[in-house]
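Below is one structure, written out as structure tokens, with a few remarks after it.
Numbering (our numbering), first residue to last: 12 to 327.
So, in structure tokens, the structure goes:
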């Protein structure tokens with residue numbers, strides 16, 4: 012597996028998904044729109060895995076839906092998130108090229124399938140799975156996400172979390188102090204993030220989408236206000252030179268994360284003002300409240316119109 016530069020890393024999964032989405036749009040009038048879940052799964056079947064070295068023994072793997080953070084050590088590997096199951100052959104190769112050490116820990120940042128679908132095979136290889144009570148609850152039953160027009164089956168027993176964190180957890184592994192930090196409802200009602208203290212690296216899951224509009228799961232505890240509040244809380248605890256692994260997009264900086272948070276707040280304010288005027292969702296979408304940010308953030312599965320709907324429906 013060839014290690015790529017940051018700029019080579021960014022487009023692979025994004026371009027693949029965009030191409031598949033473009034291929035379905037021409038049929039939208041005659042056929043019901045394909046769920047983005049199916050689109051993303053199709054992309055994950057063939058997208059190459061790419062490895063981005065971070066600091067020390069930490070690496071970010073990209074190409075299987077959500078990004079995967081890997082801490083390698085003589086004790087084994089610690090993974091943050093597990094990607095989509097159909098990517099297993101390529102993830103296996105990527106992990107083996109880092110080292111032959113087996114996975115010992117897997118931390119799920121939240122319940123969404125593009126971060127947890129690989130749980131069963133990672134657990135099969137010997138990993139202990141750490142997650143919030145919310146993630147365990149969501150994974151234990153079939154879950155329908157209306158905005159994705161998709162029902163996720165319950166997680167196989169072999170992929171369920173084995174350790175539930177109900178408060179912040181700190182432990183030592185692979186020469187790092189690993190801090191598992193919980194949050195109030197934000198992207199979902201299941202989120203956490205992970206800090207590798209000595210390396211000054213943080214894996215934020217879907218609390219940060221670097222360079223693309225995020226999905227916020229209004230239906231399962233998330234909301235635009237909660238997302239902004241959570242990001243404010245995280246930003247207040249990060250060092251200025253921290254290296255950030257987003258849920259989607261390239262490795263990021265604190266400034267990029269701050270820019271992302273500011274974008275969320277600006278669009279939230281724009282949509283809230285239009286909604287307060289009594290405008291319908293269609294009218295708000297037509298008003299283009301995201302226009303200032305579309306060139307940077309609007310080039311992925313979450314289109315400007317889709318994100319406007321997420322914000323509109325998430326405002327309380």
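Every residue, glycine too, gets a C-beta built ideally from N, C-alpha and C.
Computed from a predicted model, the values in this text were never measured in an experiment.
- When the beta-carbon positions are compared, residue 233 and residue 197 come within less than 8 Å of each other.
- Looking at the DSSP output, residue 192 shares a beta bridge with 204.
- Restricting attention to 80, 178 and 53, the CA atom closest to the CA of residue 260 is found in 80.
- Look at residue 104 here: in three-state DSSP terms it is helix.
- In chain order, 122, 201 and 231 place their CB closer than 7 Å to the CB of residue 149, counting only its own chain and leaving out the 5 sequence neighbours on each side.
- Leaving aside the five residues that flank residue 70 on each side, the residues in its chain whose CB is nearer than 8 Å to its CB run, in chain order, 62, 63, 64, 80, 81, 83 and 109.
- The Cβ atoms of residue 311 and residue 255 lie no closer than 8 Å to each other.
- Taking 8 Å as the cut-off, the Cβ atoms of residue 193 and residue 143 count as close.
- Its chain contains 95 and 97 as the residues whose beta carbon lies nearer than 7 Å to that of residue 52, once the 5 sequence neighbours on both sides are disregarded; these appear in chain order.
- As DSSP reads the structure, residue 259 sits in a beta bridge with 220.
- The Cβ neighbour count for residue 205, taken over all protein chains shown within 10 Å, is at least 16; the residue is labelled buried.
- Boundaries for residue 177: no beta strand (DSSP E) harbours it, and the DSSP string shows neither H nor E there.
- Less than 8 Å separates the beta-carbon of residue 88 from that of residue 115.
- DSSP places residue 169 within a helical segment (H, G or I) once states are collapsed to three.
- Contact between the stretch 219 to 228 and the stretch 184 to 191 is absent, with fewer than three C-beta pairs closer than 8 Å.
- In this structure, residue 181 sits away from residue 174, with a CB-CB distance that is not shorter than 8 Å.
- When DSSP states are grouped into helix, strand and coil, residue 164 belongs to the coil group.
- A distance below 8 Å between beta-carbons, with the five flanking residues on each side excluded, links residue 327 to the following residues of its chain, in chain order: 234 and 236.
- When the Cα atoms are used, residue 75 and residue 297 turn out to be separated by approximately 33 Å.
- When only Cα atoms are considered, residue 315 and residue 302 end up about 8 Å apart.
- Relative to residue 159, the option among 45, 179 and 168 whose CA is nearest is 45.
- Note: residue 83 is bridge-paired with 88 in the DSSP secondary-structure output.
- The straight-line gap separating the alpha-carbon atoms of residue 250 and residue 275 is approximately 21 Å.
- The beta carbon of residue 125 is closer than 6 Å to those of 76, 77 and 95 in its chain, skipping five residues each way along the sequence.
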